[in-house]
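**Q**
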């Protein structure tokens with residue numbers, strides 16, 4: 320999901336994560352992008368961190384397998400992006416999951 324998550328409030332994010340996990344194939348992965356920075360005039364956006372999102376995903380049975388950050392590709396001042404990848408926790412699929420190391424870089 321690209322550039323959607325920050326448009327949902329905390330309650331909506333919790334509901335959406337549970338729904339997405341329910342739709343996810345046992346071997347499927349979920350990738351989200353999070354926008355950080357000033358909110359454009361007239362837009363509805365909420366601050367959301369990588370930590371909050373990975374904690375929510377974990378409560379719904381997903382493991383974080385990827386995190387990356389980058390500056391805004393459009394060069395907007397103060398805007399940056401976090402990209403998160405998740406897969407079902409190994410116990411949820413009955414299969415050994417292939418995992419990559421995840422190291423949080425900050426609390427965006």
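In our numbering, the protein residues as written are 320 to 427. Virtual Cβ for every residue (Gly too), placed ideally from N, Cα, C.
Could you tell me the alpha carbon to alpha carbon distance between residue 365 and residue 345, rounded to whole angstroms?
**A** Counting from one through the chain shown, the residue named residue 365 turns up at place 46. Counting from one through the chain shown, the residue named residue 345 turns up at place 26. C-alpha separation (whole angstroms): 30 Å.
**Q** Using the rule of at least 16 other Cβ atoms within 10 Å of the residue's Cβ for burial, across every protein chain shown, is residue 337 buried or exposed?
**A** Working through the chain shown from its first residue, we reach residue 337 at position 18. Exposed, by the Cβ-count rule.
**Q** Output the boundary residues of the alpha helix (DSSP H) element that contains residue 398.
**A** As a first step, residue 398 must be located in the chain shown, where it is residue number 79. Counting along the chain, residue 398 falls outside any alpha helix (DSSP H), and DSSP gives it neither H nor E.
**Q** Is there contact between the segment 347-357 and the segment 394-401, where contact requires at least three CB pairs shorter than 8 Å?
**A** A contact exists between the segment 347-357 and the segment 394-401.
**Q** Is the separation between the beta-carbon of residue 373 and that of residue 403 shorter than 9 Å?
**A** By 1-based counting over the chain shown, the position of residue 373 is 54. By 1-based counting over the chain shown, the position of residue 403 is 84. Against a cut-off of 9 Å, the Cβ pair of residue 403 and residue 373 comes out as a contact.
**Q** Span of the beta strand (DSSP E) holding residue 353?
**A** Here residue 353 is taken as the residue at index 34 of the chain shown, counted from 1. Residues 348-355.
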